[in-house]
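In my numbering, the protein residues as written are 285 to 662.
From the three backbone atoms N, C-alpha and C, an ideal C-beta is built for every residue, glycine too.
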Amino acid sequence: MKRIVTPLFLLLIFLLASCSGEDNSTEQSSLVQDESIKYAEGLSIEHGEGFTLVDIFDPSKQETQTYHYALVPRGTAPEGIPADYEVIETPVRRLIVMTTLQLSNFIKLDAVDRVVGMPSTRFLFNPTMKAQLESGATRRIGIEGNFDTELIMALQPDIILVSPFKRGGYDVLKNLNIPLVTFLGYKETTPLGQAEWLKFTALLLGIEDQANEKFAQIETKYNEFKALVTDKVQRPKVLSGELHGGNWYVVGGESYLAHQFEDAGGDYFMKDNEESGGFYVDFETVYSQAADSDYWRITNSYPGTFSYEVLKQTDARYADFKAFKDRKVIYCNLNERPFYELSPVEPENVLADLIKIFHPELLPSHKPVFYELLTLER
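Here it is as structure tokens:
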């Protein structure tokens, strides 16, 4: 039987298609991209009606997985959230951190009272966190691969911050029915990019204005210091690291540390390497490329008084390096200075330290916060 298609029927089909297109367009256009993220490469934030969508991915582009979170005001159930986004109620009241870098964000935002658990208290300096650990307000939850899951459940955290690309033994946590929120600030390749994760932390805590204000201060000071280093300055060659187990751990020319040296007016010996991460090379490679370096950066947790004699006793070949002979070793003892705890959110102070060392005439009155030249002979 032949079907008769009337003009009225065609008009109805057209109107339905138009309405469907308008709905999709409206839903899409209701999302507003957060333009305040300028430096962090691993964050994308969009604001919808009653929710915020956060996409987290590897800033160094070494991993391809993306993590999706929908932040919603506590007790609400807004519509329009994509199905592949994990809903996180905010503000987060209680949480567990897994790294000192994560903790640094809460210290900077004066929000350590939200942290109820952490695995390691090594290199911990913050007096408030120490007091919370002593009183039991914050608990040690075990070590990587051997977490105390009963204690974690008893702490009743709203979320657990994790760094999934690190060796962390997080599989056991996936069965606890507690949201695991990925934090990849440590993978950022620029100092301001890493510090800008304060804004993500603040979204979780519901204190965005506070984070924006603090980051604006960091950004201003960092760029002011960076501007002091003009093209006219002579850039000293810089080596970093030590031997460990017969090999030397170095980071590539696109890494966080390499960019930090560049901004401070240094010439990192691996600057032409295109890697953003770290890798091991043998002593001969380092010696052939960097024995003539003007400066040599070392961070360690030596338990006693670190000196040039101690460094030489570690490996006699170190005495052949130019920076050793000229007494231009840049040093930070992690047992004495809150480097891991504060440097991720105070890149302006790290930069000022390095400029003071490389080009002392540019910041003559600066007092070292993390780095200074090693002066002790014995």
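Query, Result
"Alpha carbon to alpha carbon, how far is Trp580 from Pro622? Give it in angstroms, no decimals.", "20 angstroms"
"Since I believe Val535 is in contact with Leu541 (beta carbons under 8 angstroms), could you give me their beta-carbon distance rounded to a whole number of angstroms?", "5 angstroms"
"Which full runs of the alpha helix (DSSP H) of 4+ residues lie inside the segment 422-486, going along the chain?", "433-439, 475-479"
"With DSSP as the reference, label Pro411 as helix, strand or coil.", "helix"
"Quick check on Asp604: buried or exposed, where buried means 16 or more other Cβ atoms within 10 Å of its Cβ?", "exposed"
"Under the three-state reduction of DSSP, which class applies to Ser304: helix, strand or coil?", "Residue placement at Ser304 is flagged as unreliable, the pLDDT there being 49, under the threshold of 50; the coordinate-derived value follows with that caveat. It is helical."
"Spatial neighbours of Ala395 within its chain, please: CB distance less than 6 angstroms, with the 5 preceding and 5 following residues excluded, ordered by chain position.", "Leu489"
"Where do the N-terminal and C-terminal ends of the beta strand (DSSP E) with Asp339 fall, by residue?", "336-341"
"Verify whether the separation of the beta carbon atoms of Pro520 and Leu635 is less than 9 angstroms.", "no"
"Rounded to the nearest angstrom, what separates His352 and Leu482 at their Cα positions?", "18 angstroms"
"For Ser591, which of Cys616, Ser572, Glu568 has the nearest alpha-carbon?", "Cys616"
"Does the separation of the CB atoms of Gln440 and Val465 fall below 9 angstroms?", "no"
"Just to confirm my understanding: we take Phe642, look at its own chain, exclude 5 residues before and 5 after, and list those with CB closer than 6 angstroms. What are they?", "Pro520, Ala548, Gly549, Gly550"
"Have a look at Leu512, Leu595, Ala574 and flag the residue whose alpha-carbon is nearest the alpha-carbon of Asn584.", "Leu595"
"Can you give me the start and stop residues for the alpha helix (DSSP H) that Ala511 sits inside?", "492-512"
"Could you compute how far the alpha carbon of Leu626 sits from the alpha carbon of Ser388?", "6 angstroms"
"Would you report the Cα separation of Tyr586 and Thr598, rounded to the nearest angstrom?", "11 angstroms"
"Under three-state DSSP, which class holds Ser524?", "strand"
"Looking at Leu393 and Ala486, is the spacing between their C-beta atoms short of 9 angstroms?", "yes"
"Tyr454 to Val446, Cα distance in whole Å?", "8 angstroms"
"Note down the Cα distance separating Pro648 from Lys640, rounded to an integer number of angstroms.", "7 angstroms"
"So is Lys322 buried or exposed if we call it buried at 16+ other beta carbons inside 10 Å?", "exposed"
"By a C-beta neighbour count over all protein chains shown, 10 Å radius and 16 as the cutoff for buried, is Glu363 buried or exposed?", "exposed"
"When the Cα of Val356 is compared with those of Arg377, Asp339, Ala367, Gly334, which residue comes out closest?", "Gly334"
"Once you ignore the five residues that flank Tyr655 on each side, which residues in its own chain have a CB closer than 8 angstroms to its CB?", "Arg581, Ile614, Tyr615, Cys616, Val634, Asp637, Leu638, Ile641"
"Could you tell me whether the segment 507-514 touches the segment 427-444, using the rule of 3 or more Cβ pairs below 8 angstroms?", "no"
"Does Lys651 pass the burial test, meaning 16 or more other C-beta atoms within 10 Å, or should it be called exposed?", "exposed"
"Extract the residue ranges of the alpha helix (DSSP H) inside the segment 565-594, only unbroken runs of 4 or more that lie entirely within it.", "567-574"
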